[in-house]
Structures are given as structure tokens and as C-alpha cells.
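Working notes, beginning with the structure itself.
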Amino acid sequence: MQQTRSQQLFEQAQRVIPGGVNSPVRSFRAVEGTPPFIARGNGSRVRDVDGNEYIDYLGSWGPLALGHAHPAVVEAVQRAAADGTSFGAPVEQEVQLAEMICAALPSVDSVRLVNSGTEACMTALRLARAHTGRSKIIKFAGNYHGHADGLLVAAGSGALTHGVPTSAGVPESYAAETLIATYNDLSSVEGLFEAWPDDIAAIIVEPVAGNMGVVPPADGFLPGLRDVTQRNGSLLIFDEVITGFRVAYGGAQSLYGVTPDITTMGKIIGGGLPVGAYGGRSEVMQQVAPLGPMYQAGTLSGNPLAVAAGVATLTELQRPDVYDQLEAAAIRLIDGVTAAFSRAEIPSTVNRVASMFTGFFNPGPVAALAQVEQSDTAAYGRYMHALLDRGVYIAPSQFEAGFVSIAHTDADIDRTIVAVSDALAALG
Ligand code: KE4
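Quick note on numbering: my numbering labels position 72 of the sequence shown as 241, and the sequence is numbered without any gaps.
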């Protein structure tokens, strides 16, 4: 059978790029098959190099709350590019983007722009250690904060001792500084503070988990983290790389009313271009060079094209009712998908917070990693391909979040629900 263009490109790519992709989850290894190479996106749609069109619920893993190629974003990037792509010197729109972020997040007095969520989270840990003079960090199993060495860590054999690397190349000594707790289980956090009373610089948490699939914080979980860190002189870091400007304009911290000491951001604040950020209250941010002794730098941090896209995106997200529109679209979708699974008598659980969601092949409830891990990932893979064959693009992994944008119309969503019903029927 004639190879598709995506298949040809994937073979070509694998000759010069490890695994043929520049980020592993794009490889489709979790769901098998060839990843479609995308030629263009427009609104709620993407089109691959073979001309197949898909309604897109991946949304580039979260940045595209406005959908693909929003005119305001494209125009801002084109205008910035016409004046040059990088200066290694301050530009006006860096200030504008920083002011918009500080205005949106009362917990952030000042913010440093970087180039990715990884860089933001990596630096936030360094900042917490600089501020507290302590070395241990608590993270949660199932939370992902990018690929910095100290964050590619899983629970070690003795859960109250240090972590172990989850990646080759991470020295045990780096992993030893990371302690692993259980998401939505405050007692696991208290236990670590009892074991390491004066050593913990910070807790870093996804305030709404997105990287084990969407798992909302249990009632009291986030306030409990705020309380235990305050009682122990540690900092609370909210990793809002996904949730920032996604679940609300003020992020998860505004939705749940919990104020972190440091917030990390990415994705939406760059409108699809490479922007990350970390920020917090002045007392903490005073540590950051050139003000203070904690060093962090970046040639392309605050890049004029990236900040132009970010400013245009946040400007559009300030329009009235945008978040109501996003949530209404997600509710319409999830109601329809849930009904389709019910008609097909296939056990499923859908977790949703605002316009981020995950459908689990799992009878549920799915409120903790141990429950997430019971999901039928093979069924998810078959489902994902059946939807792809029917013009609907969802994450190529059960353990990721899906997203709608303001570009997803009722017609898109109703068409998606039909595709879901057909896919479930085909899977039998
Ligand atoms: P980046 O370095 O990929 O910009 O951000 C790392 C990161 C940090 N924190 C959270 C909560 C994140 O979700 C991420 C990155 N998200 C993944 C998908 N869930 C990116 C996709 C990929 O790795 O290709």
C-alpha cells in the first residue's frame, strides 16, 4: 500500500531526530502507529500533510485557548518579526507581558520570563532553595514539572527517604534531594515533614493535576499544602504551566483561593510560542539575579516574537465571558461523550476542571494516581486511533489532558460526539 506522506516523513525524521520527534510523547509510542505530521492549524482544526483534517482537542498540549492561528496572535507575531527577531536587550512588550501576569495573579509581585515550563519549574526550585537555605523538595507522584534533573524522580523504596531517578543520566545524588508524596493525600506530606523537619525548601504541585490525566485537587488538599508549608517554613510552588490562564484568568490559585509563594507558568502565556515564567512575592523574588544571589539567565528569554504572541493571547482572554465560553464548550463535549460511553456500556470516567479534561477507560472514581493506573491504556489507544480515523484528534496518551478553545463551535462538538459514538461502536 502506498505510504502516506506522514509515514514517509516519520521514517525520514527517525534518521535524523531521536525517535523522529522533538518531544517523546508526540511519537505515538503510547498508542502505536504513525503520528500525523501537521501542515497547518486554523481555529479548532488541524490538517495533516496528507490533507486529513481533524477537530483538535490536543491544542498543542494546552497553549491554544484561542485556537490555532488566531488573527490577533498571527498579526502580533508578524508585526514583531518585521522589526527583528531577537535583540538580547529589553523590549517594551516584555514589560507589558510581565505587567499582565502580575495583574492577573495577586500572589505575583514580579515575574521572570524564560523559554519553557521546564526552565520555569527548574528555576523555581533553585529560588526556593536560595530563599530558605534548605535542599529538599517535595513533589507528587504523577505530577510532571518538565525534565529538569531533580524533577525526573520517583518514590524510592523507603517512601520517607529520598527519590530515585526516572531517567538515565540523573545522578542518584540529584534525586536524593527530591521526596515523593501522594497526590490528594495530605498525610503523605505530613509524614515527609516529620521525617525531614528542617530540610524541605518547598512543595511543588500541579494545583489541578494534568499529567496523570486530569485529577482535581481533593477538598482541603491545596489549603492543607498551604498550611503545612507555612507551619514548617517551606515555600509552596504552584506549577500553573497548564492551569495558568486556562482554568481561570487568575489560574487555579484564583479558582481554589489558595495563595502560593511561587507560581510557574508556560503554554498559554506564550500563545504557542516558547515562553515560560516564574514569579512570586517580592521578598522571594529579591533573590533573583541581578538583584540577588540566585542566578538564572537566557539568551532568548522575553523574546520579542514570543512576548508579542503572549500579550495578544492574554489580551483576547480578557474579553468578557471567554472563560464561560470555554467551560460551556467543555461541558457540552463531556456531557455528550459521557452519554456515548454510557450507551456503549463501556466503563469510563471523565474528570474535568473548567476547559481541561480527561476521559479515562476506568469505571472510576479517578481521584488518585493509584486509581489512574487502573485505566485500560490499550483500550484508550484503540479509541484514540478510531477517533483519528473519524477526524478527531485527542492526546496520544491516556495520561494527558484534553482542551477546548474559544474556536470550538457547537457544530464541532456535536460532530465530535457522533465520531465518539461511531468509534465506540467500531471498537465493539
Ligand atoms: P515544557 O518544558 O514542556 O514547556 O513544560 C513542562 C511542564 C511543566 N509543568 C507542567 C504542569 C506541564 O504539563 C509541563 C509540560 N506538559 C507536557 C504535556 N502534559 C508537555 C508535552 C511534551 O512534553 O511534549
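We put the CB at the ideal spot given by N, CA and C, even for glycine. Because the structure is a prediction, the values reported are computed rather than measured.
Query: On a Cα-Cα basis, can you pick out the residue from P532, M463, V519 and K436 that is closest to S229?; Result: K436
Query: Between V200 and chain D, is any beta-carbon pair separated by less than 8 angstroms?; Result: Here chain D cannot be found, since the structure has a single protein chain.
Query: According to DSSP, simplified to helix, strand and coil, what is G360?; Result: helix
Query: So what does S279 bridge to, in DSSP terms?; Result: G449
Query: Confirm the yes/no value for this check: CB of I406, any heavy atom of the ligand KE4, distance under 7 angstroms.; Result: no
Query: In whole angstroms, give me the CA-to-CA distance for V277 and R216.; Result: 38 angstroms
Query: Threshold first: 3 residues or longer. Then list the beta strand (DSSP E) segments lying entirely within the region 326-378, N to C.; Result: 347-350 and 369-374
Query: Can you pull the DSSP bridge partners for L405?; Result: I372
Query: Taking contact to mean at least 3 C-beta pairs separated by less than 8 angstroms, is the region 408-415 in contact with the region 390-400?; Result: no
Query: Does the beta-carbon distance from A509 to L593 come in below 8 angstroms?; Result: yes
Query: Taking DSSP as the reference, what is the three-state secondary structure of R623?; Result: Residue coverage of the chain in this structure runs from 170 to 597, which leaves residue 623 outside it and unanswerable.
Query: Identify the continuous beta strand (DSSP E) that holds F529 and give its terminal residues.; Result: M525 to F529
Query: By DSSP's criteria, H237 is part of a beta bridge. Which residues make up the other side?; Result: G212
Query: If you draw a straight line from the alpha carbon of S566 to that of A548, how long is it in whole angstroms?; Result: 11 angstroms
Query: Is I411 near the ligand KE4, judged by its Cβ being under 7 angstroms from some heavy atom?; Result: yes
Query: My understanding is that A478 touches A245, with C-beta atoms under 8 angstroms, so please give their C-beta distance in whole angstroms.; Result: 6 angstroms
Query: Is A529 near S544, with beta carbons less than 8 angstroms apart?; Result: According to the sequence provided, residue 529 is Phe. The question's Ala does not apply to it. Yes, they are a contact pair.
Query: For G315, which residues from the same chain have a beta carbon less than 6 angstroms from its beta carbon, with the 5 sequence-adjacent residues on both sides left out?; Result: G286, T287 and C290
Query: Could you tell me the alpha carbon to alpha carbon distance between V185 and R198, rounded to whole angstroms?; Result: 18 angstroms
Query: Does the distance between the C-beta of N472 and the nearest non-hydrogen atom of the ligand KE4 fall short of 7 angstroms?; Result: no
Query: For A475, which residues from the same chain have a beta carbon less than 7 angstroms from its beta carbon, with the 5 sequence-adjacent residues on both sides left out?; Result: G439, L442, P443 and V444
Query: Looking at T527 and the ligand KE4, is the gap between the Cβ and the nearest heavy atom below 7 angstroms?; Result: no
Query: Could you compute how far the alpha carbon of G461 sits from the alpha carbon of A344?; Result: 27 angstroms
Query: Cβ atoms of S304 and D368: under 8 angstroms apart, would you say?; Result: yes
Query: Going by CA-CA distance only, name the one from D579, N401 and R450 that's closest to V280.; Result: R450
Query: Over the uninterrupted alpha helix (DSSP H) stretch that includes V589, give me the two end residues.; Result: D579 to L596
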